[in-house]
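Visitor: According to full-length UniProt numbering, the sequence shown holds residues 1 to 352 in order.
Idealized CB from N, CA, C, for every residue including glycine.
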Amino acid sequence: MKRLANWRLVSLFAMLALALSGCSGKPFVSALRPAGEVADIQYDLMKLSTYIMVGVIVVVMVVFIIVFFRFRRKDDTIPKQVEGSHTLEIIWTVIPILLLLILAVPTVAATFKLADVKEMDKKNSDALVIKVRSHLYWWDFEYEKQKIVTSQDLVVPTNEKVYFDLKSLDVKHSFWIPAVGGKLDTNTDNVNKFWLVFDDKRANEAGNLFYGKCAELCGPSHALMDFKVKAISRDQFDTWVKDMQAVKAPEKAQTDLAAQGQDIFNKSCIGCHAVTPDVKPEAARIAPNLTNFGERSRVAGILKHDKEELKNWIKNPETYKPGNEMTGKYPEMTDAELDALAEYLMGLKVQD
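1) Using beta-carbon positions only, say whether LEU136 and ASP170 come within less than 8 Å of one another.
2) Pick out the complete alpha helix (DSSP H) segments inside the UniProt domain "Cytochrome c" (256-349), 4 residues or longer, and give them in chain order.
3) So GLN108 is in the beta strand (DSSP E); what residue range does that whole segment cover?
4) Would a C-beta distance cut-off of 8 Å place VAL149 and ASP140 closer than the cut-off?
5) Starting from THR150, follow the beta strand (DSSP E) in both directions and report where the run begins and ends.
6) Measure from the C-beta of PRO281 to each C-beta in chain C and report whether the shortest distance is under 8 Å.
7) Using only the alpha-carbon positions, how far apart do GLY328 and LYS315 sit?
8) Can you list, in chain order, the stretches of the alpha helix (DSSP H) that have 4 or more residues and sit fully within the region 139-205?
9) Between the beta-carbon of PRO288 and the beta-carbon of TRP138, is there less than 8 Å?
10) For a quick check, are the C-beta atoms of VAL197 and ASP165 less than 8 Å apart?
11) Do you know whose CA, among LEU45, THR107, GLU142, lies nearest PRO281's CA?
12) Which one of GLU295, GLU318, VAL117, PHE227 has the shortest CA to CA distance from VAL350?
13) Look at the alpha carbon of ASP44 and the alpha carbon of THR158, and state the distance between them as a whole number of angstroms.
14) Within this structure, are the beta carbons of HIS273 and CYS214 separated by less than 8 Å?
15) According to DSSP, simplified to helix, strand and coil, what is SER11?
16) Under the rule that 16 or more other beta-carbon atoms within 10 Å means buried, what is ASP11, buried or exposed?
17) Quick one: residues in its chain with C-beta nearer than 7 Å to the C-beta of THR107, no 5 flanking neighbours on either side, listed in chain order?
18) Give the DSSP bridge partners of SER134, in chain order.
19) PHE194 to ASP306, Cα distance in whole Å?
20) For GLN152 and LYS228, which I take to be in contact (beta-carbon distance under 8 Å), what is that distance rounded to the nearest angstrom?
21) Could you name the residues that DSSP lists as bridge partners for LYS47?
22) Any idea what DSSP makes of LYS122, helix, strand or coil?
23) Indicate whether the contact test is met: 3 or more Cβ pairs, each with one atom in the region 109-124 and one in the region 74-84, closer than 8 Å.
24) If distances are taken between C-alpha atoms only, which option among ALA300, LEU338, GLU337, LEU310 comes closest to PRO322?
25) Looking only at DSSP bridge pairs, what is VAL229 linked to?
26) So VAL155 and TRP240 are supposed to be a Cβ contact under 8 Å. How far apart are they, rounded?
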């Protein structure tokens, strides 16, 4: 009975694991739904290795079953003792070598292809290079040639190589967009580089929005260190860049309530948060850039993008992201002050 209970428990966990493996309320958040050239290459390698492993298991199981039934002991007679077959030994030595080569050759070729970032290092290159900087527990993205810095929402053009320059400004993190490719560590002592391509058709299927994650355990809010990727056409991207570059001063409040919020922001928040997209030195990146906060898809990367959730976040960020760097950095605010500040922040937009 005890063994039966254990088997039932194992079966229950196996069914739960299978069910949970398919759970995701977010579109294109799985590496098994590739949405770009890098993801396609990595997915093909996963399929190849899986086919090889399954093939080996099937062959071994067939041989095992044949031997089990054909050569099972029928009496007490001791079978003839032999040293072995040189032919069989050669076969089972050569086959693993061939399988290893079948797996290794495309893997090594893909590794060199995905590591080729010569284009981004050229002096007069036209390549789009984005400097990704990771923090506890948020991301900022610097388009150095375009002289733009933004946070949490990464904007990229589709159907072309986008190069990434990765570094961490506190502890080790890992930059990963599951559906498009990656992942690669962001370290404090060196820069990692790689490239991705965002497929336009699959981007349209996903509503032009992909999900990014931190894939390196970095602290109590590691699982909440999300960012969003807006994959749009090159024309739309160029328009976005021009709109961001046109912002030379903080957006003016459009209503009396927003004006009150701007005044609160300038007294309590401006010391950490920028509201212009011009490039800042790394030492000044102590909080997310809020230039186009009103156009973003999430508050703090995880909450619904509306005034209520924004006020909840400002009121007590520790509740939503334990160990974050924002907790305790500003005075407590009344409900009226929170209303005004939320009104101002939600009005920070660069596009109509």
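Guide: For this structure:
1) Within the sequence shown, residue 136 is the residue found at index 136, counting from 1. Within the sequence shown, residue 170 is the residue found at index 170, counting from 1. Contact flag set, yes.
2) If we require 4 residues or more, the alpha helix (DSSP H) runs fully inside the UniProt domain "Cytochrome c" (256-349) come out as 256-268, 307-315, 317-320, 335-346.
3) Counting from 1 along the sequence shown, the entry for residue 108 is found at position 108. Reading off the sequence, residue 108 comes out as Val, not Gln. Looking at the DSSP string, VAL108 is not in any beta strand (DSSP E); the run it does join, the alpha helix (DSSP H), is 86-114.
4) Within the sequence shown, numbered from 1, the residue matching residue 149 stands at position 149. Within the sequence shown, numbered from 1, the residue matching residue 140 stands at position 140. Using a Cβ distance threshold of 8 Å, VAL149 and ASP140 count as a contacting pair.
5) Position 150 of the sequence shown holds residue 150. According to the DSSP assignment, THR150 belongs to the beta strand (DSSP E) that extends over 148-151.
6) Given the protein chain composition of this structure (a single chain), no chain C is represented.
7) Locating residue 328 in the sequence shown gives position 328, where the first residue counts as 1. Locating residue 315 in the sequence shown gives position 315, where the first residue counts as 1. Taking the straight line from one Cα to the other gives about 10 Å.
8) 200-205
9) Counted from its first residue, the sequence shown places residue 288 at position 288. Counted from its first residue, the sequence shown places residue 138 at position 138. Against a cut-off of 8 Å, the Cβ pair of TRP138 and PRO288 comes out as a contact.
10) On the sequence shown, residue 197 is found 197 positions in, with the first residue counted as 1. On the sequence shown, residue 165 is found 165 positions in, with the first residue counted as 1. Result no, Cβ atoms of VAL197 and ASP165 do not sit closer than 8 Å.
11) Sequence index remark: in the sequence shown, residue 281 carries index 281 (1-based). The shortest C-alpha separation from PRO281 is found at GLU142.
12) On the sequence shown, residue 350 is found 350 positions in, with the first residue counted as 1. Nearest of GLU295, GLU318, VAL117, PHE227 to VAL350, Cα basis: GLU295.
13) Here residue 44 is taken as the residue at index 44 of the sequence shown, counted from 1. Here residue 158 is taken as the residue at index 158 of the sequence shown, counted from 1. For ASP44 and THR158, the distance between alpha carbons rounds to 21 Å.
14) Translated into positions along the sequence shown, residue 273 becomes position 273. Translated into positions along the sequence shown, residue 214 becomes position 214. No, the pair does not count as a contact, with Cβ atoms beyond the cut-off.
15) The residue you call residue 11 lines up with position 11 of the sequence shown. Residue state for SER11 is assigned as helix, using DSSP reduced to three classes.
16) Sequence index remark: in the sequence shown, residue 11 carries index 11 (1-based). The residue asked about is misnamed: residue 11 is Ser in this sequence, not Asp. Exposed, because fewer than 16 other Cβ atoms sit within 10 Å of the Cβ of SER11.
17) For the purposes of this step, residue 107 is identified with residue 107 of the sequence shown, where counting begins at 1. Around THR107: LEU45.
18) Here residue 134 is taken as the residue at index 134 of the sequence shown, counted from 1. Answer is TRP139, SER168, bridged to SER134.
19) Here residue 194 refers to the residue found at position 194 of the sequence shown. Here residue 306 refers to the residue found at position 306 of the sequence shown. C-alpha separation (whole angstroms): 34 Å.
20) As a first step, residue 152 must be located in the sequence shown, where it is residue number 152. As a first step, residue 228 must be located in the sequence shown, where it is residue number 228. About 7 Å separates the two Cβ atoms, so the contact holds.
21) Against the sequence shown, residue 47 aligns to sequence position 47. Beta-bridge pairing links LYS47 to no other residue.
22) Along the sequence shown, one-based indexing puts residue 122 at 122. LYS122 falls in the coil class under three-state DSSP.
23) no
24) To locate residue 322, count along the sequence shown from 1; it is residue 322. With distances taken between Cα atoms, PRO322 lies closest to ALA300.
25) In the sequence shown, counting from the first residue as 1, residue 229 sits at position 229. DSSP output for VAL229 lists LEU154, PHE210 as bridge partner(s).
26) Here residue 155 refers to the residue found at position 155 of the sequence shown. Here residue 240 refers to the residue found at position 240 of the sequence shown. In this structure, VAL155 and TRP240 form a Cβ contact; the two beta carbons are roughly 6 Å apart against a cut-off of 8 Å.
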